[in-house]
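2 protein chains.
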Amino acid sequence: MSTNINKPSLPVSKPLTLGLFGFGVVGKGLYDVLQSTPALQASIKKICIKTPDKKRAISQNHFTTSSEELLNDDSINVIVELIDDADAAYEIVKAALKKGKAVVSANKKMIAAHFEELLQLQHEYKTAFLYEGSCCASIPIIRNLEEYYDNDLLTSVKGIVNGSTNYILTKIFENDLSFKDALLQAQQLGFAESDPSLDIEGHDAANKLTILLAHAFGNIATPNDFIYNGITSIKKTDTILAHEKHLKIKLVATAQKINNNQLAAFVLPQFVEANDELSNVSNEFNGLITESSFADKHFFKGKGAGAYPTAAAVLSDISALRYDYKYEYKKYLQPNKLTLTNDYFLKIFVSADDLEKINKDDFEWIEEWHNEASNNWVIGIIHATKLQENDWWKQTGVSLILHQNPIVNNVEYKKIGKRSLQLAGVI
Amino acid sequence: MSTNINKPSLPVSKPLTLGLFGFGVVGKGLYDVLQSTPALQASIKKICIKTPDKKRAISQNHFTTSSEELLNDDSINVIVELIDDADAAYEIVKAALKKGKAVVSANKKMIAAHFEELLQLQHEYKTAFLYEGSCCASIPIIRNLEEYYDNDLLTSVKGIVNGSTNYILTKIFENDLSFKDALLQAQQLGFAESDPSLDIEGHDAANKLTILLAHAFGNIATPNDFIYNGITSIKKTDTILAHEKHLKIKLVATAQKINNNQLAAFVLPQFVEANDELSNVSNEFNGLITESSFADKHFFKGKGAGAYPTAAAVLSDISALRYDYKYEYKKYLQPNKLTLTNDYFLKIFVSADDLEKINKDDFEWIEEWHNEASNNWVIGIIHATKLQENDWWKQTGVSLILHQNPIVNNVEYKKIGKRSLQLAGVI
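Read top to bottom, the protein sequences are chains D and X.
Residue numbers for the first sequence follow numbering that gives the first Met the number 0, so the first one is 0 and each next one is one higher.
Residue numbers for the second sequence follow numbering that gives the first Met the number 0, so the first one is 0 and each next one is one higher.
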């Protein structure tokens with residue numbers, strides 16, 4: 000006969016007292032979300048803000064401008080960092096971890112810039128640092144990469160990781176809005192970073208790719224280690240051409256195993272075919288495709304920007320802290336990791352208002368060549384180092400968009416080599 | 000100065016010695032997968048099979064027909080149960096848990112039938128029972144429901160959870176195959192259960208829905224508690240009509256909060272619009288949409304059948320056991336769960352070779368009425384209990400397909416009531 004003692008019961012969870020830094024879009028979102036989830040038993044004790052005299056939705060006695068007030072309060076066991084300034088954020092996170100407090104953050108710029116130090120701090124002070132909200136907002140991608148693909152042999156992770164640029168591209172493509180108007184809309188809806196250049200120049204997506212690289216492949220990199228660009232150079236003529244070919248243009252982050260021990264990574268605008276999962280990822284949504292040896296393709300889609308979707312991810316981290324969850328960084332810590340390389344070939348489309356701006360010499364091979372008064376474009380094969388080392392393709396008037404299948408089997412093109420290009424009379 | 004001791008290192012993981020029951024499609028798949036993942040340090044010590052004289056791909060000395068040989072071997076700390084027979088599987092799992100061994104299974108029928116006992120056994124013998132492979136094969140849905148949606152307020156989970164029927168429906172729709180030929184193909188490809196009626200009559204999807212209900216909403220139910228059916232009754236005329244209306248027909252499992260404390264659940268064929276995520280889930284793929292208050296919509300897609308996708312999920316469970324992972328069943332254990340109910344209204348399409356087979360009296364309201372020599376159909380609103388209690392809609396020649404937005408605001412229809420139907424002269 001089983002007694003009540005033998006009945007399963009809820010595991011004992013740690014009561015969480017939160018110190019929140021920042022009360023912007025996401026911070027306010029988290030506050031609202033916590034109000035609706037009393038079962039979590041997590042309460043915000045104090046909120047540290049920069050500008051005390053701003054009008055706010057909740058009473059002033061929730062706020063302080065002193066970070067020490069939160070960091071030195073022993074009753075606060077979790078610091079939630081949701082401020083914009085990546086440098087200040089790093090100081091806060093560092094101080095909190097050193098005090099043995101668990102930390103939750105959504106600051107991808109800060110995390111990408113200090114990955115190794117943050118890892119060391121977690122280890123040294125034996126405390127948790129979680130940041131699901133830093134990547135694709137509501138999509139639980141970090142947790143899945145950490146936990147689920149542990150031993151399945153992951154070969155690629157690619158996707159749309161910036162909600163703001165995806166919103167802009169959707170409005171340009173589907174509603175024929177100008178870039179400027181679309182950006183303004185994204186800002187009004189709270190999808191864009193306070194400094195929109197972080198989004199539209201690709202920095203934000205590149206920061207997210209470094210976080211994905213660490214959790215998917217155990218690779219610690221910075222955005223400077225791979226090629227990346229944003230969407231500011233995409234021209235009306237490019238979108239017209241894409242429409243004609245039944246393609247869309249998306250800003251895609253890619254990390255792909257290219258041979259037994261090497262990894263290619265880049266964030267660039269890319270043509271996407273209608274049957275590609277990413278083609279159906281519109282507006283502020285993000286989408287990620289993983290490929291692995293046995294599980295094959297997985298596709299995750301969810302809101303990638305906005306107060307509540309990001310706050311929901313922050314909440315899931317807070318919730319995990321109740322049961323002492325920590326990232327294990329198993330892939331980073333294992334031997335025989337893949338090496339990040341720029342030694343691979345890309346198939347690219349480059350258009351330019353002036354033909355002279357396209358550096359033909361950098362190409363291995365040119366497949367198509369289009370000449371028109373103010374719209375010239377080329378489709379060809381280029382070695383990734385040429386893009387990494389040279390920046391003619393980042394000039395005003397030039398746009399580079401990846402082919403729908405951008406990574407080219409390098410062996411083949413190494414064989415053909417530049418000689419073919421010369422034989423074809425292109426250079 | 001930090002020393003080597005202060006450097007982060009891989010967490011210590013438990014060495015796993017596996018006892019495997021079953022060497023069918025998934026069992027053999029798992030064997031292959033484990034051969035390719037030496038880093039996992041999990042080895043199969045012995046495989047228990049039913050028929051010793053079958054020709055097999057690996058040496059005979061791996062096998063035994065004695066379950067005791069595995070269960071009584073103290074060096075085996077994990078039992079992986081991948082046999083077909085749900086009753087025998089339950090006995091194996093029960094015995095293994097009682098011996099304190101961790102257990103991994105993909106047997107949805109067994110799990111759905113014994114959920115409460117299995118929960119009690121895990122609690123009593125303080126050991127883990129994991130079954131990610133039982134739901135949507137490769138998609139890590141159970142782990143996400145357990146971990147990620149813990150405190151976000153989930154309102155619905157719906158999706159395509161049976162790869163075999165989805166393969167059949169895709170072949171019927173896109174390749175104009177007959178039901179028989181499509182089923183034969185699914186069986187040849189290893190997508191179907193050894194007893195195909197489990198798939199095509201909807202039992203398998205219903206079993207999966209009970210597992211989803213437990214992990215999404217903490218609700219323990221059996222398939223008999225909700226309405227379900229398979230795809231055997233779908234007629235050529237139904238698919239032609241769907242094509243004309245630019246719809247597809249999918250077998251969809253749904254669990255949806257319908258008011259503050261109630262939950263509707265059903266598995267039925269459903270018309271799906273082109274812009275529904277589920278419309279792009281083809282062949283043996285599965286797809287799930289979750290909706291929650293703050294994260295909003297999430298979509299997960301991946302292979303839902305086949306040796307390797309299922310083995311990959313089993314592998315992820317084995318891998319999690321190295322770090323003593325257990326399901327917490329937090330939603331089941333929390334108070335104030337939603338109550339499963341059949342008190343709601345559905346909008347349905349019913350076609351019949353003979354009009355007399357459609358029981359008009361059961362409808363609250365009929366919106367469309369089509370009469371043709373051998374193709375009669377009705378679109379109307381029906382209360383779920385009418386479908387649960389009566390089975391005229393399961394007769395040969397009758398097919399019931401849900402409207403693309405099947406759940407109807409019940410208050411509205413209660414108000415209109417049957418009187419409107421009489422006024423309209425239908426009954």
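Note that the Cβ used here is the ideal one computed from N, Cα and C, for glycine as well.
All values derive from a computational prediction rather than experimental measurement.
Chain X contact for residue i (CB, 9 Å cutoff)
| i | result |
| --- | --- |
| D/D295 | yes |
| D/P308 | yes |
| D/Q427 | Residue numbering for chain D in the displayed model covers 0 to 426; residue 427 of chain D lies beyond these limits and cannot be assessed. |
| D/V160 | no |
| D/H214 | no |
| D/S177 | no |
| D/L15 | no |
| D/S291 | yes |
9 Å Cβ cutoff, residue i in contact with chain D
| i | result |
| --- | --- |
| X/T36 | yes |
| X/P7 | yes |
| X/V32 | yes |
| X/G28 | yes |
| X/A312 | yes |
| X/Y322 | yes |
Pairwise C-alpha distance: residue j and residue i
| i | j | result |
| --- | --- | --- |
| X/K100 | X/Q40 | 17 Å |
| D/F20 | D/Q59 | 15 Å |
| D/G229 | D/Q403 | 17 Å |
| X/E123 | X/L354 | 55 Å |
| X/L197 | D/E272 | 37 Å |
| D/D72 | D/L267 | 44 Å |
| D/N143 | D/L182 | 31 Å |
| D/P308 | D/N285 | 11 Å |
| X/K44 | X/I75 | 7 Å |
| D/K330 | D/L211 | 12 Å |
| D/E191 | D/G28 | Note on residue identity: the sequence assigns Ala, not Glu, to residue 191 of chain D. D/A191 and D/G28: Cα-Cα distance of roughly 15 Å. |
| D/T2 | X/K107 | Legend: pLDDT at D/T2 = 44, less than 50; position of this residue unreliable, no value from coordinates given. |
| X/P222 | X/S278 | 25 Å |
| D/I357 | D/E367 | 13 Å |
| X/V24 | X/I82 | 10 Å |
| X/G396 | X/H369 | 16 Å |
| X/D494 | X/E327 | Residue 494 of chain X cannot be examined here, being either before or after the span of chain X that is shown, 0 to 426. |
| X/I57 | X/E68 | 19 Å |
| X/A185 | D/E146 | 31 Å |
| D/S8 | X/Q121 | 12 Å |
From the options, residue whose alpha carbon lies closest to that of residue i
| i | options | result |
| --- | --- | --- |
| D/L337 | D/D275, D/L320, D/T231, D/I219 | D/I219 |
| D/H382 | D/C135, D/K356, D/D361 | D/D361 |
| X/V79 | X/D52, X/L129, X/I210, X/N260 | X/L129 |
| X/Y427 | X/R321, X/A306, X/L386 | Residue 427 of chain X cannot be examined here, being either before or after the span of chain X that is shown, 0 to 426. |
| X/K234 | X/E290, X/G286, X/A351 | X/A351 |
| D/I288 | D/Q255, D/A310, D/N259, D/A263 | D/Q255 |
| X/E283 | X/L70, X/L15, X/K170 | X/K170 |
| X/D316 | X/L33, X/L246, X/V156, X/S232 | X/L33 |
Partner residues on chain X for residue i, Cβ-Cβ distance less than 9 Å
| i | result |
| --- | --- |
| D/K302 | A294, D295, K296, H297 |
Chain X residues whose Cβ lies nearer than 8 Å to that of residue i
| i | result |
| --- | --- |
| D/Y328 | P7 |
9 Å Cβ cut-off: residues of chain D touching residue i
| i | result |
| --- | --- |
| X/S42 | None at all; the shortest Cβ gap to chain D is about 13 Å. |
Neighbour flag for residue i against chain C, beta carbons, 9 Å
| i | result |
| --- | --- |
| X/H214 | The structure shown contains no chain C; its protein chains are D and X. |
- Message: Against chain X, which members of the segment 267-284 of chain D pass a CB distance test of less than 9 Å?
- Response: When C-beta distances to chain X are compared with 9 Å, the residues of the segment 267-284 of chain D below that value are N274, E276, N279, F284, in chain order.
- Task: Mind checking the segment 124-148 of chain D against chain X and listing, in chain order, the residues whose C-beta falls within less than 9 Å of any C-beta there?
- Result: Result list: E131, A136, S137, I138, P139, R142, N143, E146, Y147, Y148.
- Short-range partners of chain D found in the segment 104-120 of chain X, where Cβ spacing is below 8 Å: Of all residues in the segment 104-120 of chain X, L118, Q119 have a Cβ within less than 8 Å of some Cβ in chain D.
- If contact means a Cβ-Cβ distance below 8 Å, which residues of the segment 377-409 of chain D contact chain X? Within the segment 377-409 of chain D, no residue has a Cβ that lies closer than 8 Å to any Cβ of chain X.
- Could you name the residues of the segment 179-205 of chain X whose beta carbon sits closer than 9 Å to any beta carbon of chain D, in the order they occur along the chain? Only those residues of the segment 179-205 of chain X whose C-beta falls short of 9 Å from the nearest C-beta of chain D would be listed, and there are none.
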